[in-house]
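Colleague: Take this structure, written in structure tokens, and hold onto it; I'll ask about it next.
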Amino acid sequence: MSSKPTNHRLVMQVVGPILWDVEMPAIIAKSIPIISDAGLGMEMFSLCMFQFERSSTAYCHCSDFGVLTINKDVRSKEDLLNMTIISIWNEITSKLQCETLCVKPARDGCSTGVARLCSSDDFAVYVKALKDCLLRIPPNSFSKAHGMIEMPNPPPDLLIFEPFIETDEILISSQSTNVSTGSCGKDIVDG
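Just so we're aligned, residue -12 is where the sequence shown starts under the numbering used here, counting upward by one.
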């Protein structure tokens, strides 16, 4: 099995209830015959991802076994539009115990609308984009440099907030100084 996170999520949806004596979500139980007849496709992938997002808190008790899920907070677009920016920002960052958030539309399945929010000002820009039904958030609209952010159309009803987890910067360099390209496009290194 591949080490892709989506494969692990699918396994947890099917195997988790068997191993830890928890009830299998009905949607997964009903999907097993469909998968066996139709195979895995984008529809089944979307179904499993939706179910995982909806029920990932059910697996919190599995942390003793090394199965961890990231804390998240799901908010409706209407709540974001009707509450003060600073109060929502403080509430979410306090609940998730972080200073920087990752926001993404729920049930979208792609990377549209995913953004890093470092402050309540960034949060205000994102909420305004939702309110104005923008198709794009221009580059460098937030406090940290970023490229163009494509927004889902129509705007999502629900948004997922998670702690933004910063990783180390990765630099790739070459020690070779004398590299040329051979006849088949492969690099040839002298020495």
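Yeah, the Cβ is synthetic: ideal placement off N, Cα and C, and Gly gets one too.
The structure presented is a predicted model; accordingly, all values stated were derived computationally and were not measured.
1. With residue 180 and residue 67 assumed to form a contact (beta carbons below 8 Å), what rounded beta-carbon distance in angstroms separates them?
2. DSSP puts residue 155 in a beta bridge; with which residues?
3. Determine whether the beta carbon atoms of residue 99 and residue 139 lie at a separation below 8 Å.
4. What residue does the alpha helix (DSSP H) around residue 116 start on, and which one ends it?
5. Taking only three categories from DSSP, how would you classify residue 66?
6. Which residue wins for smallest C-alpha separation from residue 107, given the options 134, 119, 89, 120?
7. Starting from residue 75, follow the alpha helix (DSSP H) in both directions and report where the run begins and ends.
8. If the criterion is Cβ atoms closer than 8 Å, does the pair residue 59 and residue 147 meet it?
9. Could you work out which residue in 131, 149, 122 is closest to residue 109 when comparing CA atoms only?
10. With a Cβ-Cβ cutoff of 8 Å, do residue 85 and residue 129 count as a contact?
Modeller: With the structure as the only source:
1. With the chain covering only -12 through 178, there is no way to say anything about residue 180.
2. Residue 155 is not bridged to any residue.
3. yes
4. For residue 116, the enclosing alpha helix (DSSP H) stretches over residues 107 to 118.
5. helix
6. 89
7. 72 to 83
8. yes
9. Cα-wise, what sits closest to residue 109 is 131.
10. no
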